[in-house]
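Heads up, this note's numbering is the position in the sequence shown plus 38, with the first residue counted as 1.
We treat Cβ as the ideally placed atom computed from N, Cα and C, and that holds for glycine.
This report refers to the structure that appears directly beneath it.
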Amino acid sequence: MSDSNSDSFSPTTPEAPPPARPQGPGAGREFIELLSSMRFAIALLTVICIASVIGTVVRQREPLNNYVNQFGPFWSEVFGKVDLYTVYSAWWFLLILGFLVVSTTLCIARNTPKILADLKSYKEQVREQSLQAHKHKALGQLPLSLEASLQQVSQWLDGGGWKARAQVRTNGIMVAARKGAANKIGYLAAHSAIVLICLGGLFDGDLLVKALMWAQGKSVYQGGGFISEVPAQHRLSDRNPSFRGTLTVTEGSRNGTAVLSMTDGVLLQPLPFDVELKKFKVEYYSTGMPKLFASDVLIHDRDGKTTAATIKVNEPLIHEGVAIYQSDFSDGGSLLKLRAIPLNGAEPFTLQGRVGSSTELQQGEQRLGIEFSGLRVINVENMGGNAGAPNAEGGADVRKVDLVDSLQGHLGSGAKTRTEKSLQNIGPSFNYKLVDASGQRREFNNYMAPVLLDGQRVFLLGMRESLNEGFRYLRAPADENGSLDGWLRLRQALQKPELRERAAKLYAEAATPTDKPQMLPQLTATALRALGLFAGADTVRPEDKKPASGWGGLMALSQFVDREVPEAERSRVSEVLLRILNGSLFELHKLSREQAKLPPPVNDAATQAFMTQAVLSLSDAVFYPAPVLLQLEDFELVQASGFQVARAPGKTLVYLGAILLIIGVFAMLYVKERRLWIWLEAAPGQGEETRVRMALSSTRESPDTATEFDRLKSELLKDTA
């Protein structure tokens, strides 16, 4: 069997295989082409824009617990792995930013020679026949000789701001003119601006800090304590060329070490000077928002020189190349003078604490830790509609309280929601945390002065189980002296069996009709049972029939009615039971004042309003999870200023880039490059006349281009058929 292709091959001189194409240089050229291409730069810009949106939506550098609460345990860990909580210092963001710099730089390097060559070229060598191919073209004549026509055209172009060059040929003269060359300059300016801004961002970000950490063997600090106790391996050099951190200074003190927040800890940055805070000043709007806050400071240089200055918001201080911005303010360790009130009936005692410090408190067999966490001197709240007056019939009557509504509203917000606005400063408040033996923390927020709500002045005693919850407030009524003592006396009397028994008897004697003395024992027993249920001393849980210590209030009465009374009778029995409770508590209130050697209360609208709120707050106190109540009596305010300190060498590059970007965008959008060609030749058979052929091209076609060409044509040419 023969092979038809066998003759094409020589057995003695085999055909050599084609030489292998070198892959290295070709692959390198393709990679360079990709890096310098417009599509690659646009793709990088798109990714950076998406990352910037994520960095704006997701709050950066928050505590991990905040992200766990927001996204859940699984997704919070996933997002943390890809550094979505520190987008602008993430390795992948910096890498993309670096690639964008390289890509844009290559693009500029590749196109700049072409643009410069194009700026020098007028293209006067084009053929006259090619002018017929342009969209905007015209043919006319001038009643002048060729030389005179050239002179007239030159003067006309100079007067219109055109730059022109003429080429003399054997059969005529080609005049090439151009206008709007700044359009090409705008391209270079805009691309250079991107490079400068990205370089400035890289210089002022964490890139240099991380490089210094690697070069100097530094590491982040993940512990706590005082700044002076942090080891040297967590401190950068004071010659660090770029950093951005925070500096907190308390009134009367000085600090010269900034804190740089990193992904997994902090670094300390020594400054070339110390900042001493002499006085912090703050002014507020009527809404309670800060209107102005400023710091009077002294700057202490290392050589002993001292400079006085005032730092305000948006008015930073620049000292030795470091910018100091007023960013926020906080409590600097105010001294709190407190009245500690045990809720088990023990005698109150005084207590002192400093914001930011902690102490221990012994209550019987229970040891509690107290962490003083904050003091707010100004609290502006919307009190619209709250300052109502008692009704004309002598105030609210606790006998009209609906049990269901009362139970649903226990420990509610500090002020009820109103449609109208009435902004008022309701005075100072302070925060503290109680830590029990198991380490569980509950946060409390108590106001110093009573607040007028619904016609009754009440003390707002707030608490919450965790930071994710809003504060719920116990509203304890103020007595006629604006004090909490009246409510406390009533609460302590309620806990004493002998006083409950006396109050029940006094109520029964006053409420028993004179013609029905046989009702006295039964009414006394009912009043005593109501007081016992309300105090939590006579409560029996239905599941075990055993006394439930510390469980009372209106909840206990409601459970008793549901358990002991038929459904059809519950509404009527509840109303009767509340009337008896109201009267018994009023007798108990009189007994508590008698023991304190105070005159008996006057049964007027103010007293009835006090008793109404007292019943509700005593019921709510069942849900108040603290054995002791802290009341703020006085304080010594100490403020602290929060400064942002930055040494930003890339700032100049960013400013220059911003200027170039404005120039470049303006030039590319509002400047059009136009080229105009005018061909002059002697008109055949017309004597001294010159035939003129002209054409116009533009880098960006628009309706204005045709209008401009018509104007040029009418100025220079006589139209011909």
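### Query
Buried or exposed: proline 488, going by 16 or more other Cβ atoms within 10 Å of its Cβ?
buried
### Message
Considering just the uninterrupted stretch of the beta strand (DSSP E) at isoleucine 408, what are its terminal residues?
### Response
404-414
### Task
In angstroms with no decimal places, state the Cα-to-Cα distance between alanine 219 and glutamine 307.
49 Å
### Query
Closest by CA to leucine 707, which one among Leu699, Tyr662, Leu472?
Leu699
### Query
Are alanine 575 and alanine 546 closer than 8 Å when you measure CB to CB?
no
### Task
Kindly indicate the opening and closing residues of the beta strand (DSSP E) around aspartate 104.
The residue you asked about is not aspartate; residue 104 is asparagine in the sequence shown. First-last for asparagine 104: 102-109, but that is the alpha helix (DSSP H), not the beta strand (DSSP E).
#### Entry: Of the residues Phe482, Val614, Asp474, the one placed nearest leucine 413, counting alpha carbons only
Phe482
### Task
Determine contact between the stretch 632-644 and the stretch 665-672, defined as no fewer than three beta-carbon pairs at a distance below 8 Å.
no
### Task
Would you kindly check if the distance between the Cβ of asparagine 278 and the Cβ of leucine 285 is under 8 Å?
no
### Task
Pull up the distance between the alpha-carbon of leucine 499 and that of arginine 608, whole angstroms please.
33 Å
### Residue range of the unbroken beta strand (DSSP E) whose run includes glutamine 401
396-401
### Task
Less than 8 Å between the CB atoms is what I'm expecting for glycine 407 and glutamate 419, so what's the real figure, rounded?
30 Å between Cβ atoms; not a contact.
### One or two residues paired with valine 297 in a DSSP bridge
Thr284, Leu306
### Task
Grab me the residues of proline 52's own chain with a C-beta within less than 7 Å of its C-beta, minus the 5 sequence neighbours each way, in chain order.
For proline 52, the predicted model reports a pLDDT of 41, less than 50, meaning its position is unreliable and no value from the coordinates is stated.
### Residue(s) in a DSSP beta bridge with phenylalanine 387
Ala378
#### Entry: Span of the beta strand (DSSP E), counted from its first residue to its last, around tryptophan 717
712-720
### Query
DSSP state of glutamine 597, grouped into three classes?
helix
### Task
Could you spell out the range, first to last residue, of the alpha helix (DSSP H) harbouring methionine 501?
Note, methionine 501: premise wrong, no alpha helix (DSSP H); beta strand (DSSP E) at 494-502.
### Task
Might you give, ordered along the chain, the residues of its own chain that have their beta carbon closer than 7 Å to the beta carbon of serine 395, omitting 5 neighbours on each side?
Phe410
### Task
Indicate the three-state DSSP secondary structure (helix, strand or coil) for aspartate 672 in the structure shown.
strand
### Query
Which value, in whole angstroms, describes the spacing of the CA atoms of glutamine 462 and phenylalanine 572?
35 Å
### Query
How is proline 328 classed by DSSP in three states: helix, strand or coil?
strand
#### Entry: CB-CB length for leucine 512 against aspartate 658, believed under 8 Å
5 Å
#### Entry: Delimiting residues of the beta strand (DSSP E) encompassing methionine 732
728-736
#### Entry: beta strand (DSSP E) segment containing glycine 210, residue limits
210-217
### Task
In the DSSP assignment, find the alpha helix (DSSP H) that holds asparagine 483 and state where it starts and stops.
Careful: asparagine 483 lies outside any alpha helix (DSSP H), inside the beta strand (DSSP E) at 479-485.
### Query
Hey, is the stretch 594-610 in contact with the stretch 525-532, meaning 3+ C-beta pairs nearer than 8 Å?
no
### Task
Could you check the C-alpha separation between phenylalanine 331 and alanine 253 for me, to the nearest Å?
40 Å
### Message
Spatial neighbours of aspartate 443 within its chain, please: C-beta separation below 6 Å, excluding the five flanking residues on both sides.
### Response
Model confidence at aspartate 443 stands at a pLDDT of 41, short of 50, so the residue's coordinates are unreliable; what they give is reported in the following sentence. Same-chain partners within the cutoff: there are none.
#### Entry: Closest by C-alpha distance to tyrosine 485, when choosing among Leu561, Leu374, Glu539
Leu374
### Task
Using only alpha-carbon positions, find the residue among Asp334, Lys628, Val351 that is nearest to threonine 345.
Asp334
### Query
What is the DSSP secondary structure of lysine 343, counted as helix, strand or coil?
coil
### Query
For the stretch 714-729 against the stretch 172-191, are there 3 or more C-beta pairs whose distance is under 8 Å?
yes
### Message
Any contact between the stretch 258-278 and the stretch 311-330? By contact I mean 3 or more CB pairs, one from each, below 8 Å.
### Response
no
#### Entry: Backbone secondary structure at lysine 635 - three-state DSSP
coil
#### Entry: Classification of valine 436 by the beta-carbon crowding that lies within 10 angstroms, buried from 16 upward
Bear in mind that the predicted position of valine 436 carries a pLDDT of just 35, short of 50, making it too unreliable to give a figure here.
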